[in-house]
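Heads up, the thing below is written out as structure tokens.
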């Protein structure tokens with residue numbers, strides 16, 4: 072996250088978690104300062120896999136879908152981002168201890184799948200994403 076912020080990227084969080092719980096978690100792990108905008112599950116009319124959380128986050132950041140990408144850890148979130156026409160970097164949640172099949176990923180606007188955020192830094196370095 073530090074490396075992404077150093078690159079002066081606008082970072083937004085779109086989570087299905089309600090405001091109180093999400094802000095508690097962000098504070099507990101000292102993550103709030105990384106994000107320019109926060110979109111919580113109780114702020115939107117529909118949650119993931121609806122595109123609304125990501126469309127709301129885009130509106131808050133002032134970016135269009137083609138100017139941004141989503142980093143997701145679940146198929147539900149990746150579906151939401153894809154429906155908002157965002158490219159998706161999928162980093163499956165390691166606690167699920169599984170890989171998604173090609174059939175499960177069908178229809179996603181998948182840019183790449185990786186194990187951690189280093190894949191995003193590599194893509195930025197290669198100018199695969201901006």
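Residue numbers (the working numbering): 72 to 201. For each residue, glycine too, the CB sits at the ideal point set by N, CA and C.
For residue i, count neighbouring Cβ atoms within 10 angstroms of its own Cβ and tell me buried if that reaches 16, exposed if not.
| i | result |
| --- | --- |
| residue 84 | buried |
| residue 162 | buried |
| residue 123 | buried |
Whole angstroms are fine: how far does the CA of residue j sit from the CA of residue i?
| i | j | result |
| --- | --- | --- |
| residue 194 | residue 117 | 31 Å |
| residue 154 | residue 121 | 7 Å |
| residue 102 | residue 93 | 11 Å |
| residue 99 | residue 174 | 37 Å |
| residue 114 | residue 89 | 8 Å |
| residue 131 | residue 139 | 12 Å |
| residue 184 | residue 108 | 24 Å |
| residue 128 | residue 137 | 14 Å |
| residue 177 | residue 188 | 22 Å |
| residue 150 | residue 133 | 22 Å |
| residue 171 | residue 152 | 17 Å |
| residue 144 | residue 72 | 15 Å |
| residue 78 | residue 95 | 26 Å |
| residue 97 | residue 186 | 22 Å |
| residue 198 | residue 105 | 22 Å |
Can you list, in chain order, the residues of its chain whose CB lies under 7 Å from that of residue i, leaving out five sequence neighbours each side?
| i | result |
| --- | --- |
| residue 191 | 75, 142 and 160 |
| residue 148 | 119 |
| residue 111 | 86, 88, 89, 90 and 93 |
| residue 157 | 125, 136, 139, 140, 141 and 180 |
| residue 164 | 144 and 145 |
For residue i, name the three-state secondary structure that DSSP assigns.
| i | result |
| --- | --- |
| residue 89 | coil |
| residue 184 | strand |
| residue 75 | helix |
| residue 195 | helix |
If we cut at 7 Å on Cβ distances, does residue i have a partner in chain C?
| i | result |
| --- | --- |
| residue 77 | Here chain C cannot be found, since the structure has a single protein chain. |
Please return the same chain residues whose Cβ sits closer than 6 Å to the Cβ of residue i, not counting the five positions on each side in sequence.
| i | result |
| --- | --- |
| residue 81 | 107 and 132 |
Take residue i and list the residues in its own chain whose beta-carbon comes closer than 8 Å to its own, dropping the five residues that flank it on each side.
| i | result |
| --- | --- |
| residue 200 | 140, 158, 160, 182, 191 and 194 |
Whole alpha helix (DSSP H) elements within the region 94–152, 4-residue minimum: With a minimum length of 4 residues, the continuous alpha helix (DSSP H) runs that stay inside the region 94–152 are 123–132.
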